[in-house]
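In UniProt numbering, the protein residues as written are 1 to 328.
Note that beta-carbon positions come from the ideal geometry of N, C-alpha and C, so glycine has one too.
Below is one structure; the comments refer to it alone.
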């Protein structure tokens with residue numbers, strides 16, 4: 001194996017796999033070694049389009065490739081658990097697309113397995129690694145807005161009406177919470193931690209039986225609150241605000257943030273702009289490479305215990321709505 005080169009395998013060939021493969025081109029010391037799909041045709045087409053060396057017509061062949069170091073899992077939510085376990089059994093490091101699994105029970109199982117096997121595992125919560133979000137954390141840590149008391153974050157878009165599609169299909173773990181809701185929830189957790197004292201939530205369960213929009217209010221010690229909204233049947237502003245005793249921060253398109261603005265007394269006093277060429281997934285890939293080179297089994301930026309606490313929060317919220325998936 002070359003010096004510090006991470007040889008990537010991509011499991012799945014959908015939209016997010018495509019975005020990931022494109023962004024791998026922006027990361028040094030990586031190779032697009034292999035892709036696996038359920039059909040050989042799909043894998044070959046993907047490999048040709050994205051410059052991936054090997055194409056496999058099954059996930060099993062991909063995970064058994066001895067030249068693959070790390071595998072990115074890009075399948076629909078309900079398949080994450082079995083896909084992660086297959087990779088770990090084969091001794092691979094794993095980066096799994098969010099949400100990690102469908103529920104916390106599944107996640108506890110794969111975390112335990114990875115720890116027993118002493119293998120690297122991380123949820124692909126790419127937002128945490130974006131330069132704009134790192135800058136926001138710096139501003140907060142250095143007291144620029146005083147004590148943070150309120151976080152507001154919304155993420156939503158108008159999706160096509162296609163009941164069999166994964167977003168609307170309960171059999172594929174559909175719904176706004178798991179797909180887009182994880183972003184505002186993780187964002188609030190980054191600032192306030194994962195242990196709210198109280199969670200109030202409401203959702204509109206649509207005709208396919210999944211949540212099409214939701215609102216969540218979380219309260220934390222010392223009067224801190226988070227108000228979070230998600231939807232996929234309407235466009236939201238997709239902005240996040242962090243309000244403190246001495247100012248506030250605004251982050252447009254916070255889940256893929258390229259900029260952040262700092263305000264004091266209603267006036268903009270600082271801005272940050274990220275001039276990256278990539279979509280932004282490259283930063284989490286760099287983190288995986290860094291962790292593997294340092295012999296770390298998890299990322300300090302997205303630790304496994306935090307991913308698990310966030311999954312437990314989402315379980316609790318779904319419980320408030322009485323939303324269970326057919327396979328749970």
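| Who are the near neighbours of residue 283 in its chain, counting only those whose CB is closer than 8 Å to its CB and skipping five residues on each side? | For residue 283, where only same-chain residues beyond five positions count, the Cβ hits under 8 Å are 126, 129, 130 and 131.
- Cβ neighbours of residue 4 in the same chain (closer than 6 Å, five flanking residues each side left out): Excluding residues within five positions, the ones whose Cβ falls inside 6 Å are 29 and 293.
* Asked: Taking contact to mean at least 3 C-beta pairs separated by less than 8 Å, is the region 45-54 in contact with the region 7-23?
  -> Yes, since at least three Cβ pairs between the region 45-54 and the region 7-23 fall closer than 8 Å, the two stretches touch.
- Task: Tell whether a beta-carbon distance below 8 Å holds between residue 232 and residue 179.
- Result: Going by C-beta atoms, residue 232 is nearer than 8 Å to residue 179.
Span of the beta strand (DSSP E) holding residue 128? Careful: residue 128 lies outside any beta strand (DSSP E) and carries neither H nor E.
* Asked: Beta-carbon separation of residue 228 and residue 188 under 8 Å?
  -> Cβ atoms of residue 228 and residue 188: closer than 8 Å.
message: Checking 8 Å against the spacing of the C-beta atoms, do residue 167 and residue 159 come in under that value?
response: The answer is yes: Cβ separation under 8 Å.
| query | With C-beta atoms as the reference, is residue 254 less than 8 Å away from residue 240? | reply | Contact flag set, yes.
- Query: Are there 16 or more other CB atoms within 10 angstroms of the CB of residue 245, so buried, or fewer, so exposed?
  - Reply: Under the 10 Å beta carbon count, residue 245 is surrounded by fewer than 16 other beta carbons and is classified as exposed.
Requested in this report: Report the rounded CA-to-CA distance for residue 223 versus residue 194, giving the unit in angstroms.
Outcome: Cα to Cα, residue 223 sits roughly 15 Å from residue 194.
Check your understanding: With DSSP run on the structure shown, which of helix, strand or coil describes residue 325?
Key -> In the structure shown, residue 325 sits in coil (DSSP, three-state: anything other than H, G, I, E or B).
With which residues is residue 199 paired in a DSSP beta bridge?
Note: residue 199 is bridge-paired with 218 in the DSSP secondary-structure output.
* To do: Name, in chain order, the residues that DSSP records as bridge partners for residue 213.
  => Looking at the DSSP assignment, residue 213 forms a beta bridge with 204 and 231.
Q.
Going by DSSP, what residue range makes up the alpha helix (DSSP H) through residue 187?
A. Its alpha helix (DSSP H) spans residues 182-192.
(message) Among 13, 304, 55 and 78, whose alpha-carbon lies nearest the alpha-carbon of residue 115?
(response) It is 304.
Can you check which of these residues, 14, 10 and 27, is closest to residue 36 by C-alpha distance?
Considering only 14, 10 and 27, the residue with the shortest C-alpha distance to residue 36 is 10.
**Prompt:** Which same chain residues, not among the five before or five after residue 119, have their C-beta less than 8 Å away from its C-beta?
**Reply:** Excluding sequence positions up to five before and after residue 119, its CB lies within less than 8 Å of the CB of 88, 91, 92, 93, 94 and 297, all in the same chain and listed in chain order.
**Q.** Residues that residue 31 bridges to, as DSSP identifies them
**A.** DSSP lists 7 as partners of residue 31.
Practice item. Count the CB pairs spanning the region 92-111 and the region 37-44 that are closer than 8 Å, and state whether there are at least three. Key: Taking 8 Å as the limit for Cβ pairs, the verdict is that the region 37-44 does not touch the region 92-111.
**Asked** Can residue 197 and residue 206 be called in contact, C-beta distance under 8 Å?
**Response** No, the Cβ-Cβ distance between residue 197 and residue 206 is not below 8 Å.
The beta strand (DSSP E) that contains residue 250, what's its start and end? Residues 247-251.
What runs of the beta strand (DSSP E), each 3 residues or longer, lie entirely inside the region 104-183? As far as the region 104-183 is concerned, its whole beta strand (DSSP E) runs of at least 3 residues are 121-124 and 148-156.
(request) Taking residue 100 as part of the alpha helix (DSSP H), name the residues at either end of that continuous run. (result) Counted as a single uninterrupted DSSP element, the stretch harbouring residue 100 is not any alpha helix (DSSP H), since DSSP gives it neither H nor E.
- request: Taking 8 Å as the cut-off, decide whether the C-beta atoms of residue 103 and residue 311 are in contact.
  value: In this structure, residue 103 lies near residue 311, with their beta-carbon atoms less than 8 Å apart.
### Task
Report the residue from 230, 234 and 262 whose alpha carbon sits nearest the alpha carbon of residue 242.
Checked all of 230, 234 and 262; the closest Cα to residue 242 is 262.
Problem - Reduced DSSP secondary structure (H/G/I, E/B, other) of residue 290 - result: Here residue 290 sits in helix by DSSP.
**Q.** Distance between residue 65 and residue 1 (C-alpha atoms, nearest Å)
**A.** Legend: pLDDT at residue 1 = 42, less than 50; position of this residue unreliable, value from coordinates given subsequently. Rounded to whole angstroms, residue 1 to residue 65 spans 14 Å at the Cα level.
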